[in-house]
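Chemist: Just so you know, the sequences run in chain order D and E. Position 57 (the first sequence) corresponds to 53 in the working numbering; numbering is contiguous. If you count the second sequence from 1, you need to add 350 to reach the working numbering. Cβ atoms here follow ideal geometry from the backbone N, Cα and C, with glycine treated the same way.
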Amino acid sequence: GAVVSQHPSRVICKSGTSVKIECRSLDFQATTMFWYRQFPKKSLMLMATSNEGSKATYEQGVEKDKFLINHASLTLSTLTVTSAHPEDSSFYICSARGTARGYGYTFGSGTRLTVV
Amino acid sequence: AQSVAQPEDQVNVAEGNPLTVKCTYSVSGNPYLFWYVQYPNRGLQFLLKYITGDNLVKGSYGFEAEFNKSQTSFHLKKPSALVSDSALYFCAVRENTDKLIFGTGTRLQVFP
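What follows is the structure, given as C-alpha cells:
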C-alpha cells in the first residue's frame, strides 16, 4: 500500500533556530501534499497545501514566512519552521495524495517539535 | 464550506460491546467522507471512506460506517470493541479543493 515517510519523528531545537521536516512518498508520486499541525487538545489544523513544482497555498492565519514549504519533486515535500519559538512546539503531520490513488490520502507518522 | 462535527469528546465502552463514534457533516454537493484513527504520537491511519454507492461502508479492523443522507451523518461502528481499539478517531470530509477537513476528534476508550 501507499507509504509516506516523515522525518524526524522527534526534534528538539533552541529558540531562534530553524528546523526542517521531510515528508516522502515511498511508492507513489505525490502530486499534492498537505501539512497539518495538531494541537494538544487533538484537533488537526490544515496549514498549507503544496503541489509539485509550484508555490504552496497557505491557510488563513498561517505565516508563510515562518512555515516554509517546498515541494520540489513528486516524492518529497519539506516544511521548515524558521526562527522557531516555544509556541511553535507542536505535532506536525504531512499527508500525500497522488492522482493514481483514487481518493486516498496517506499520512506520515508525524513529527513532535519541541522548541526550548 | 464543507465541515464535519464530532459531538463527543470521548466515548467509553466495555470490551465486547458494540461501539459507535458519531459524525455529522455539512457539505454542498456530494460528500466524500473519511474515518481515520490515530494512536499516541503517530500519524493517521485510514479506516474507511464513502464516495458513492452502498450506504454501509466496511473498512479496516472490523470497523464500518453508515452514510445517512437524510440525517447528514456518517457514524463509525464496530460490533464488538477491543481494548486495542482505544485511540483517537477523526471524521473528515474532502473539499472541492482536494483538502481534507477534520472534525475535532473523539477519544475512544475501551475498558476490559
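For a test of the three-state rule: what should DSSP assign to E:Glu445, helix, strand or coil?
Modeler: Taking the second sequence and counting its residues from 1, the one referred to as residue 445 of chain E is at position 95. E:Glu445 falls in the coil class under three-state DSSP.
Chemist: Against chain D, which members of the segment 379 to 392 of chain E pass a CB distance test of less than 9 angstroms?
Modeler: Tyr382, Phe384, Tyr386, Gln388, Asn391, Arg392
Chemist: Helix, strand or coil for E:Val433 per DSSP?
Modeler: Taking the first residue of the second sequence as 1, we reach residue 433 of chain E at position 83. Helix at E:Val433.
Chemist: Ignoring anything shorter than 3 residues, give me the beta strand (DSSP E) runs that lie fully in the segment 386 to 421 of chain E, in order along the chain.
Modeler: 394 to 400, 406 to 408, 414 to 418
Chemist: Would you mind sorting E:Pro368 into buried or exposed? The rule is 16 or more other CB atoms within 10 Å of its CB.
Modeler: The residue you call residue 368 of chain E lines up with position 18 of the second sequence. Per the 10 Å Cβ criterion, exposed.
Chemist: Here's the rule: buried if 16 or more other CB atoms are within 10 angstroms of the residue's CB, otherwise exposed. What is E:Ala364?
Modeler: As a working note, residue 364 of chain E is residue 14 in the second sequence. Label assigned to E:Ala364: exposed.
Chemist: Inspect the beta-carbon positions of D:Gln34 and D:Ser86 and report whether they are closer than 8 angstroms.
Modeler: The residue you call residue 34 of chain D lines up with position 38 of the first sequence. The residue you call residue 86 of chain D lines up with position 90 of the first sequence. Taking 8 angstroms as the Cβ cut-off, D:Gln34 and D:Ser86 qualify as a contacting pair.
Chemist: Determine the extent of the beta strand (DSSP E) in which D:Asp25 is found, giving its start and end residues.
Modeler: The residue labelled residue 25 of chain D in the question sits at position 29 within the first sequence. Here the sequence assigns Gln to residue 25 of chain D, which means Asp is not the residue at that position. Segment: none, D:Gln25 is in no beta strand (DSSP E) and carries neither H nor E.
Chemist: Taking a cut of 9 angstroms between CB atoms, which residues from the segment 30 to 63 of chain D lie near chain E?
Modeler: Along the segment 30 to 63 of chain D, the positions whose C-beta sits under 9 angstroms from a C-beta of chain E are Phe30, Tyr32, Gln34, Lys37, Lys38, Ser39, Leu40, Met41, Leu42, Thr45, Thr53, Glu55, read in chain order.
Chemist: Quick check: the segment 87 to 94 of chain D against the segment 17 to 31 of chain D, are at least 3 beta-carbon pairs closer than 8 angstroms?
Modeler: yes
Chemist: Opposite D:Glu18 in the DSSP bridges: which residues?
Modeler: As a working note, residue 18 of chain D is residue 22 in the first sequence. D:Glu18 is bridged to D:His3, D:Thr74.
Chemist: Does any residue of chain E have a CB that is nearer than 8 angstroms to the CB of D:Tyr88?
Modeler: Taking the first residue of the first sequence as position 1, residue 88 of chain D is located at position 92. Chain E contact via Cβ: absent.
Chemist: Is the shortest distance between the beta-carbon of D:Arg25 and the beta-carbons of chain E less than 8 angstroms?
Modeler: In the first sequence, counting from the first residue as 1, residue 25 of chain D sits at position 29. For the record, residue 25 of chain D in the displayed sequence is Gln; it is not Arg. The Cβ of D:Gln25 sits no closer than 8 angstroms to any Cβ of chain E.
Chemist: Starting from D:Tyr101, follow the beta strand (DSSP E) in both directions and report where the run begins and ends.
Modeler: For the purposes of this step, residue 101 of chain D is taken as residue 105 along the first sequence, with counting starting at 1. Unbroken run through D:Tyr101: none, as it is neither H nor E.
Chemist: Against chain C, does E:Asp404 count as a neighbour if the rule is that its beta carbon must be under 8 angstroms from one of theirs?
Modeler: The structure shown has no chain C; the protein chains it does contain are D and E.
Chemist: I want to know whether the segment 21 to 30 of chain D touches the segment 67 to 82 of chain D - three or more CB-CB distances under 8 angstroms.
Modeler: yes
Chemist: Taking 8 angstroms as the limit between beta carbons, can you name the residues of its chain near D:Gly49, skipping five residues before and five after?
Modeler: Residue mapping note: residue 49 of chain D aligns to position 53 of the first sequence, counting from 1. Same-chain partners within the cutoff: His67, Ala68.
Chemist: What is the residue span of the beta strand (DSSP E) that E:Gln459 lies within?
Modeler: Looking up residue 459 of chain E in the second sequence gives position 109. First-last of the beta strand (DSSP E) with E:Gln459: 456 to 461.
Chemist: Taking C-beta pairs closer than 8 angstroms, name the residues in chain E that D:Arg20 reaches, listed in chain order.
Modeler: Here residue 20 of chain D corresponds to residue number 24 of the first sequence, with the count starting at 1. Within chain E, not a single residue places a beta-carbon under 8 angstroms from that of D:Arg20; the smallest gap is close to 13 angstroms.
Chemist: If we cut at 8 angstroms on Cβ distances, does E:Gly409 have a partner in chain D?
Modeler: The residue given as residue 409 of chain E occupies position 59 in the second sequence. No, its Cβ sits nowhere closer than 8 angstroms to a Cβ of chain D.
Chemist: Distance, Cα to Cα, E:Lys408 vs D:Val77?
Modeler: Locating residue 408 of chain E in the second sequence gives position 58, where the first residue counts as 1. Locating residue 77 of chain D in the first sequence gives position 81, where the first residue counts as 1. If I take the Cα positions, the gap works out to 39 angstroms.
Chemist: Give me the residue from E:Lys449, E:Ser410, E:Pro390, E:Asn405 with the minimum Cα distance to D:Met29.
Modeler: By one-based count along the first sequence, residue 29 of chain D stands at place 33. Taking each of E:Lys449, E:Ser410, E:Pro390, E:Asn405 in turn and checking the Cα distance to D:Met29, the smallest one comes out for E:Lys449.
Chemist: Give the residues of chain D in contact with E:Phe452, contact being defined as C-beta atoms less than 9 angstroms apart.
Modeler: Numbered from its first residue, the second sequence carries residue 452 of chain E at position 102. Result: Tyr32, Ser39, Leu40, Met41, Leu42.
Chemist: Which two residues bound the contiguous beta strand (DSSP E) that contains D:Asn66?
Modeler: On the first sequence, residue 66 of chain D is found 70 positions in, with the first residue counted as 1. That run of the beta strand (DSSP E) goes 63 to 69.
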